[in-house]
Structure formats: structure tokens, C-alpha cells
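Asks: In terms of the working numbering, the sequence shown is residues 17 to 58. Note that beta-carbon positions come from the ideal geometry of N, C-alpha and C, so glycine has one too. Quick caveat, the model's predicted, so the values are computed rather than measured.
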Amino acid sequence: MKLESKTAIVTGASQGIGTAISKCLAEEGAEVFMLGRSINRL
């Protein structure tokens with residue numbers, strides 16, 4: 017799956033599934049905006 021020139025907004029990205037999804041999307045070329053309750057974990 018190639019996501020170049022795509023943008024993703026991931027909520028709950030500071031832990032668990034949200035972190036994993038954010039990493040996968042970024043590896044595939046998407047621009048990722050991460051939202052979470054703990055800024056230190058983002």
C-alpha cells in the first residue's frame with residue numbers, strides 16, 4: 017500500500033494501536049498528524 021501524497025490524522029496515537037498505525041502509515045509515505053493525551057509519548 018503506497019500512501020505518498022496522502023494525509024492521515026490518527027487519534028489515540030500516544031500508545032498501543034494508535035502508535036502502531038501511525039508508524040505503519042508513515043512508513044508507507046503518508047503525512048501523519050498524531051493526537052494523544054500524552055504529548056511526551058508522541
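Out of G28, A46, L51 and R57, which has the shortest C-alpha to C-alpha gap to S21?
Replies: Here residue 21 refers to the residue found at position 5 of the sequence shown. The candidate whose alpha carbon is nearest that of S21 is A46.
Asks: Go to L41, then tell me how far its beta strand (DSSP E) extends in each direction, as first and last residue.
Replies: Against the sequence shown, residue 41 aligns to sequence position 25. Counting along the chain, L41 falls outside any beta strand (DSSP E), though it belongs to the alpha helix (DSSP H) covering G32 to E43.
Asks: Report yes if the C-beta distance between L51 and T23 is below 9 Å; otherwise report no.
Replies: Looking up residue 51 in the sequence shown gives position 35. Looking up residue 23 in the sequence shown gives position 7. Contact: no.
Asks: Using the rule of at least 16 other Cβ atoms within 10 Å of the residue's Cβ for burial, across every protein chain shown, is S38 buried or exposed?
Replies: Against the sequence shown, residue 38 aligns to sequence position 22. S38 comes out buried.
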